[in-house]
């Protein structure tokens, strides 16, 4: 197919949504991608570019003839341009900025002046606002006379004389109300402004929590500087979740389209940390070499205690990390949650202690060994529940993302405690 | 505070958003919650009820005087009522259905006839539609004359004479266009209908992928039956992510407000599965009791090999599960992804093999032991990468949620292979 038939390739890509074209480009290999790029550059409009994964996007921008690149960028709204170029290298950024005309470039540059991952980066500059004292009729006439309206807008934002937003009126209410009605009388109950420096995760939280559709963004003085719409908030919510899942698994950022070297670089550090903690656990085992030399069954059973602790700890940890992310775990219920987790740990611990006591006795014919593994199991599952809950809470308090490396800390604790409780108790009782 | 002063409690709750009141109710304990309920039942309107966590919601509905319950429900739109009652027991469902008037009850009952977690459950029945041949002027006059308009709507859906949706016009475009313009000429580029039986996860995916704001829902004959808006899709996206994270960690559904017994019930089965796989790994170790009895260092080092494999496997697994969920991993790139993961496994394997060879030699003064752990490390990390990628892909192919229990399978593989490679090789070489 990609054997030079530009018309046919174009015809195949034409009906696809930009997001699907981007997905398609991500899934084929780099060589094929470049062929298609050079064959049908006009298919790669601005929307496709914004949908592309970062690493692939750089590649495409590099190979796309600059004429087409400029055209692609000119059609975009300011927030999409910001999204497109914020991760690019300086040289590529400049190429794109040059392609914009003066006013657009200034808007993009001002958005870029806000910190990364802030509401200021996320917002579009195109806003529809009206003085708070206007009537429905005035607003409708104003809108119908406007030369330019943003592609996506759902609210008219009411502003006071100093351009500070005071309320939102949905277009639906505007349409459905008599012309003489004051805008202020039909504004929405739920109204929130978002400071431009707000972290994007908090923006997504606010949209999700309060079911916002769009929200005005304000500067330090409370003046309207832009607007964030729910579709952008949804993308952020998706990204934040993705990041949490990957962090919990010990994978930094990363996507399927990264190359082998990049992927290795992302994963190696986490494995290195894990190696250190595994060696720590081994040092604990080494303290009991004599006991293991005498009763080899200890070596056979010890991974069970550690593994159960690790799993139980990960369960508590994940629930705690999610609860912190959704602000369901706060100062006011933290002790109740810890108490509950500990209690669950005791119940699970006793259950599996009984099972393992029987397994130990039947398998190795030693009631003492059964008793030892039972006690170690209870101890480790309770410690796992506590560690899994308390460690992320502490990380949150000291300002570290609780999803980051909590897992390693928790399994280190459960490995060390598991081996120590089991082997230590066995040494004391059986030798 | 909750010492009987209804006015003060009401005054404190008044300014809060429904979602925040719900969060507050979830965080206090059951006794306090009932006191507040009986003190200020009027504060618990329908919105607060829909925001509440399921287990707490049942509790509140049980204790809320029925007069207030009925009032609370009557204000809600049909999709919110469905959301509210679909998880309730039959008796409570009936109480609420009785509170609705005839037409609303019929709408809710019809929504409930769609399968759980389908677009039919998610949609609202209130839709604003217009014949495809209308002009902007006709549509505006129709909207302005309408007695009732849904609280949230962003599009006018164009329908053909048989009520099949053919396009969307945003209210913004409608406002900004001359009265004589045909609606068909200003419809949006991106338009998708959603069959009522679509799984809600796919609905959320479509909204996120194609940046939809609202989409018409159609029945089997393609006729318009309702509408889904992005705020509902965002909630689903959030829930689906939550479910993925919890499943990956071996926690079923579950929230912080569940009681100890429920939480234990959710977590115990997963731990039981883990116990079986841990015993499986122990059986492997038991095959090499003689070797461990002779060289106790093997018992000290073996958890390192298993732990590194488990971690590397979890990394590959998480990336694969996410890629499957976002449809980034498909038939067309599956082999490239597997090849890449294997390669990353080799590189990480060799790196940590070298480190462990040195650690083994220095710690135990045995170059042979160093060599054995190095080889076992390479083998296990490559197997981990393959298992972490292939297992979720297979689960997806056979129609099982890849997030479900993949983790247990993968760590079982890495434990068994890790212990077997290390102890087996050691027995062969060192004894």
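Residue numbers (our numbering), protein chains in the order written: chain A, 29 to 459; chain B, 29 to 459. C-beta atoms are modelled at their ideal positions from N, C-alpha and C, and glycine is treated no differently. On a predicted model such as this, the values are computed, not experimentally measured, just so you know.
Taking all protein chains in view, the Cβ of residue 298/B is crowded by 16 or more other Cβ atoms within 10 Å, so the residue is classified as buried. When rounded, the separation of the alpha-carbon atoms in residue 452/B and residue 316/B is 7 Å. For residue 47/A, the chain B residues whose C-beta falls within less than 8 Å of its own C-beta are 237, 238, 239, listed in chain order.
Of all residues in the segment 184-204 of chain A, those with a C-beta nearer than 9 Å to a C-beta of chain B are 198, 199, 200, 201, 202, 203, 204, reading in chain order. In the DSSP assignment, residue 390/B falls within the unbroken alpha helix (DSSP H) covering 362-392.
For residue 152/B, the three-state secondary structure derived from DSSP is strand. Annotation for residue 106/B: the continuous alpha helix (DSSP H) segment containing it runs 106-113. Annotation for residue 326/A: 319, 320, 451, 454 place their beta carbon closer than 7 Å to its own, counting only its chain and skipping 5 residues before and after. Each residue's CA atom was taken as its position, placing residue 448/B and residue 386/A some 26 Å apart.
In the three-state scheme derived from DSSP, where H, G and I count as helix and E and B as strand, residue 332/A is classed as helix.
Just so you know, the alpha carbons of residue 195/B and residue 372/A end up roughly 53 Å apart.
Under the 9 Å criterion on CB atoms, residue 162/A is classed as non-interfacial with respect to chain B. When secondary structure is reduced to three states using DSSP, residue 431/A falls in the coil class, being assigned neither helix nor strand. Between the C-alpha atoms of residue 302/B and residue 376/A there is a straight-line separation of about 13 Å.
In the structure shown, residue 69/A falls within a helical segment according to DSSP collapsed to helix, strand and coil. Residue 351/B and residue 149/A have their C-alpha atoms roughly 26 Å apart. Close CB contacts of residue 407/A within its chain, under the 6 Å cut and outside five residues either way in sequence, are with 449 (chain order). Assignment of beta strand (DSSP E) within the segment 33-62 of chain B, counting only whole runs of 3 or more residues, yields no such run.
Under the Cβ criterion of 9 Å, residue 179/B is counted among the residues facing chain A. By the rule that beta-carbons nearer than 9 Å mark a contact, residue 331/B touches chain A.
Taken in chain order, the unbroken stretches of beta strand (DSSP E) that lie wholly in the segment 249-328 of chain B and span 3 residues or more are 252-257. Interface annotation, residue 363/B: not in contact with chain A, CB-CB separation never under 9 Å. Of all residues in the segment 305-317 of chain A, the ones placed with a Cβ closer than 7 Å to any Cβ belonging to chain B are 306, 307, 309, 310, 313, 314, 317, in chain order.
In its chain, beyond the 5 residues on either side, 305, 308, 309 have a beta carbon closer than 8 Å to the beta carbon of residue 440/A.
Counting only Cβ-Cβ distances below 8 Å, residue 172/A has contacts in chain B at 203, 204, in chain order. Every beta strand (DSSP E) stretch that sits fully inside the segment 163-250 of chain A and reaches 3 residues is listed by chain position as 183-187, 193-198, 242-246. Beta-bridge annotation (DSSP): residue 159/A is paired with 187/A. With its beta carbon less than 9 Å from one in chain B, residue 360/A belongs to the interface. Of all residues in the segment 334-349 of chain B, the ones placed with a Cβ closer than 9 Å to any Cβ belonging to chain A are 334, 335, 336, 338, 339, 340, 342, 343, 344, 345, 346, 347, 348, 349, in chain order.
Within chain B, the residues 356, 358, 360, 361 have their CB atoms less than 8 Å from the CB of residue 55/A, given in chain order. Residues of chain B whose Cβ lies closer than 9 Å to the Cβ of residue 368/A are, in chain order, 284, 286, 287, 288, 291. In this structure, the CA atom of residue 414/A is about 22 Å from the CA atom of residue 384/A. Among the residues of the segment 374-388 of chain B, those with a Cβ less than 9 Å away from any Cβ of chain A are 375, 376, 379, 380, 383, 384, 387, in the order of the chain. Chain B has a Cβ within less than 9 Å of the Cβ of residue 262/A. Residues of the segment 205-222 of chain A with a C-beta less than 8 Å from any C-beta of chain B: 218, listed in chain order. Approximately 7 Å separates the beta-carbon atoms of residue 57/A and residue 364/B; this is inside 8 Å, confirming the contact.
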